[in-house]
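Under full-length UniProt numbering, the first residue of the sequence shown is numbered 181, with each subsequent residue one higher. The structure appears right after this line, and notes come after that.
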Amino acid sequence: FQSSPIKQDLTGQHWVITAGPTMEAIDPVRYISNHSSGKMGYALAKAAIARGAKVTLISGPVQIPSPIGANVIAVKSADEMLTACEQSMSTQADVFIGAAAVADFKMKAASDQKMKKQSDTNEVTLTLVKNPDIIATLAQQYCAKTMVGFAAETQNVIEYAKSKLERKGLDIIVANDVSRTDIGFNQDENQVTVITKDNTWSPDKAAKSELANQLVEFIQQHIKSAP
Ligand code: CTP
Ligand code: CA
């Protein structure tokens, strides 16, 4: 038995993919982050490489090995991720996939020194400010590229995802129900609904590696040609 060779239909293409959480410093020893494992973004990178694409994988801190053949740029904060994305997109890029779970907020002013407990109070107040919206920023700057986002939702999944597609100026959004514990965050399987301006498509629940192959195929079919 010999499996058929994977078609090399992405040869010559450059895909920029973000993955994992971002980590926002509170002080030199503490941070704000989330439970993203990076598995979905890494699986997408592998699937795109297998079909011949050049892949730049901009990754927050994760516990998984770099996909062979990927140009991995390791970042921590959302600000660093945005800078790395802008640099990667400014060279030739055809597709951007925002699979990272970007922290929505960062410290207004992270402390240079370790914050000490105050003995006279049981409360502490941290002032947070919004992080830049990486994918929305890139969609504005690089409107000729094919922009693919993810939407992590716990309710009204399709409706909220559709509004993100429009608000952020994306071509495709992959909606994810993160209230389910059997799929999504830190799981090996995922079930998603893929939404474009005109269509929705719900592939069966599958291993992230298999789903990644299906998503790469779908994205490939929806690549915007150069204006
Ligand atoms: N995203 C981003 N920059 C941010 C926040 C999100 O690029 N600061 C991207 C994610 O990588 C994902 C998409 O936007 O592709 C949607 O992320 P999500 O967290 O679902 O949406 P938000 O706009 O942050 O809205 P909310 O968390 O309030 O639902
Ligand atoms: Ca968010």
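Cβ coordinates follow ideal geometry from the N, Cα and C atoms, glycine included. The structure presented is a predicted model; accordingly, all values stated were derived computationally and were not measured.
State the Cα-Cα distance for the pair residue 309 and residue 204, rounded to the nearest angstrom. Translated into positions along the sequence shown, residue 309 becomes position 129. Translated into positions along the sequence shown, residue 204 becomes position 24. When rounded, the distance between both Cα atoms is 11 Å.
Three Cβ pairs or more, each shorter than 8 Å: is that satisfied between the region 328-339 and the region 293-301? no
Closer than 7 Å from C-beta to any heavy atom of ligand 1: which residues, in chain order? 198, 258, 278, 279, 280, 281, 282, 284, 311, 312, 313, 314, 315, 316, 329, 330, 331, 332, 333, 340, 344 and 348
Is residue 249 near residue 191, with beta carbons less than 8 Å apart? Residue mapping note: residue 249 aligns to position 69 of the sequence shown, counting from 1. Residue mapping note: residue 191 aligns to position 11 of the sequence shown, counting from 1. Result no, Cβ atoms of residue 249 and residue 191 do not sit closer than 8 Å.
Classify residue 381 as buried or exposed, calling it buried when 16 or more other Cβ atoms lie within 10 Å of its own Cβ. As a position in the sequence shown, residue 381 is number 201, starting the count at 1. Result: exposed.
Residues bridged to residue 357 (per DSSP): Here residue 357 refers to the residue found at position 177 of the sequence shown. BP columns for residue 357 point to 333.
Relative to the alpha-carbon of residue 319, which residue among 303, 392, 352 and 333 has its alpha-carbon at the smallest distance? Counting from 1 along the sequence shown, the entry for residue 319 is found at position 139. It is 352.
Going by DSSP, name the residue or residues bridged to residue 402. Position 222 of the sequence shown holds residue 402. Note: residue 402 sits in no beta bridge, so no partner.
Bridge partner(s) assigned by DSSP for residue 370: Here residue 370 is taken as the residue at index 190 of the sequence shown, counted from 1. According to DSSP, which records beta bridges pairwise, residue 370 is partnered with 386.
Beta carbon of residue 333 nearer than 8 Å to that of residue 356: Locating residue 333 in the sequence shown gives position 153, counting from the first residue. Locating residue 356 in the sequence shown gives position 176, counting from the first residue. Closer than 8 Å, so yes.
Please work out which residues of its chain come closer than 6 Å, Cβ to Cβ, to residue 274, disregarding the five sequence neighbours upstream and downstream, and give them in chain order. Position 94 of the sequence shown, counted from the first residue, corresponds to residue 274. Excluding sequence neighbours, residue 274 sits near 193 and 194.
Rounded Cβ spacing between residue 225 and residue 209 (contact assumed at less than 8 Å): For the purposes of this step, residue 225 is taken as residue 45 along the sequence shown, with counting starting at 1. For the purposes of this step, residue 209 is taken as residue 29 along the sequence shown, with counting starting at 1. Wrong, their Cβ atoms sit about 31 Å apart, outside the cutoff.
Any chance you could list the beta strand (DSSP E) runs of at least 3 consecutive residues sitting entirely within the region 228-275, in chain order? 234-239 and 251-254
Which of the three DSSP states is assigned to residue 392 in this structure? Reading the sequence shown from its first residue, position 212 is the one you call residue 392. Helix.
Over what stretch of residues does the beta strand (DSSP E) that includes residue 317 continue unbroken? Taking the first residue of the sequence shown as position 1, residue 317 is located at position 137. Here residue 317 belongs to no beta strand (DSSP E); instead the alpha helix (DSSP H) covers 314-321.
Does residue 323 pass the burial test, meaning 16 or more other C-beta atoms within 10 Å, or should it be called exposed? Numbered from its first residue, the sequence shown carries residue 323 at position 143. Residue 323 should be labelled exposed.
Taking residue 346 as the reference, give the member of 362, 336, 376 and 363 with the closest Cα. Within the sequence shown, the letter at position 166 stands for residue 346. If we check each option's Cα against that of residue 346, 376 comes out closest.
State the Cα-Cα distance for the pair residue 368 and residue 229, rounded to the nearest angstrom. Sequence index remark: in the sequence shown, residue 368 carries index 188 (1-based). Sequence index remark: in the sequence shown, residue 229 carries index 49 (1-based). Going by the C-alpha atoms only, they are around 20 Å apart.
Residue 294 by DSSP, collapsed to three states: which one? Numbered from 1 along the sequence shown, position 114 holds the residue referred to as residue 294. It is coil, neither helix nor strand.
Per DSSP, which residues does residue 194 bridge with? Please list them. Taking the first residue of the sequence shown as position 1, residue 194 is located at position 14. Note: residue 194 sits in a beta bridge opposite 234.
Going by beta carbon distance, what residues of the same chain come within less than 6 Å of residue 289, once the five residues before and after it are set aside? For the purposes of this step, residue 289 is identified with residue 109 of the sequence shown, where counting begins at 1. Excluding residues within five positions, none has a Cβ falling inside 6 Å.
By Cβ distance, which residues of its chain are closer than 6 Å to residue 295, with the 5 residues on each side in sequence left out? Here the question's residue 295 lines up with position 115 in the sequence shown. So the list reads 207, once near-sequence residues are dropped.
Are residue 258 and residue 311 touching if we call contact CB-CB under 8 Å? The residue labelled residue 258 in the question sits at position 78 within the sequence shown. The residue labelled residue 311 in the question sits at position 131 within the sequence shown. In this structure, residue 311 lies closer than 8 Å to residue 258 by Cβ.
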